[in-house]
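All remarks here apply to the structure that follows.
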Amino acid sequence: GAGVSQSPRYKVAKRGQDVALRCDPISGHVSLFWYQQALGQGPEFLTYFQNEAQLDKSGLPSDRFFAERPEGSVSTLKIQRTQQEDSAVYLCASSFAREVMNTEAFFGQGTRLTVV
Amino acid sequence: LAKTTQPISMDSYEGQEVNITCSHNNIATNDYITWYQQFPSQGPRFIIQGYKTKVTNEVASLFIPADRKSSTLSLPRVSLSDTAVYYCLVVRNNAGNMLTFGGGTRLMVKP
């Protein structure tokens, strides 16, 4: 596709519900990132994949958060037993190179998750 | 990574040049300075990256003094569509792959 695609764009979940957020990166991009952005704040790093390998998950806030990229392309961020503090925009980004230094990261439009 | 500090917000008028300065006092030798732009309801978009002196592209210029402890993003002749949040990031080569965003500068361009 032309850019990074995320779905759904909006998700309302009841507290305690599990959600799955999808990211389709730009074809051929090796690196894939997930970020969480609270209202009025800058994006915060959650996790990073290089192809199918999850090389950094230091930003995941709790063990309720899980991400996968089984075939090295599409990625899913899963949040179990959602809490109100999980309400945020979840951004996915991809880049061609293995090192973020060597190329820009392309971001999707994000999924706005509201937990009620 | 070096912490960045930038103004929380700025106002400007159409046609003016806007300069947003970012300080990064603890920048290391192998760190680069990168700026991203974010419009409401969209993900951030790469604007420009530099190491030292001046870098210019079709969107902006980036000025980095010799000590590299600060940088200035310059937007020439802004329009209403330049209203956005601008993030200054320090990116370290070969030291992980995350981008660390601060709070950014909210630029409001008025008619």
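Protein chains in written order, with my numbering: chain A, 4 to 119; chain B, 134 to 244.
All C-beta atoms, glycine included, are put in the ideal place defined by N, C-alpha and C.
is_contact[residue i, chain A] using C-beta, thresh 7 Å
i	result
B/M231	yes
B/P177	yes
B/F172	no
B/Y184	no
Closer than 7 Å to chain B by CB, residue i
i	result
A/G6	no
A/Q57	no
A/F52	no
A/Q20	no
A/E107	yes
Length of the line joining the Cα atoms of residue i and residue j
i	j	result
A/P28	A/L63	20 Å
A/R25	B/V224	27 Å
A/H32	A/R72	12 Å
A/A100	B/A193	24 Å
B/L206	B/Y219	9 Å
A/S76	A/F52	10 Å
When the options are compared against residue i, the one with the closest alpha-carbon
i	options	result
A/P11	A/F99, A/V92, A/R18	A/V92
A/T79	A/W37, A/S30, A/A5	A/W37
A/L94	A/L49, A/D21, A/Q20	A/L49
B/P244	B/K136, B/Q149, B/G176	B/Q149
Buried or exposed (CB count within 10 angstroms, at least 16 for buried), residue i
i	result
B/I153	buried
B/D215	buried
A/R18	exposed
A/V15	exposed
A/Q40	buried
B/D144	exposed
Secondary structure of residue i, DSSP reduced to three states
i	result
B/D200	coil
A/D27	strand
A/D66	coil
A/E71	strand
A/S97	strand
Beta-carbon neighbours of residue i, restricted to chain E and to distances below 7 Å
i	result
A/G45	Absence of chain E from the displayed structure is noted, the protein chains being A and B.
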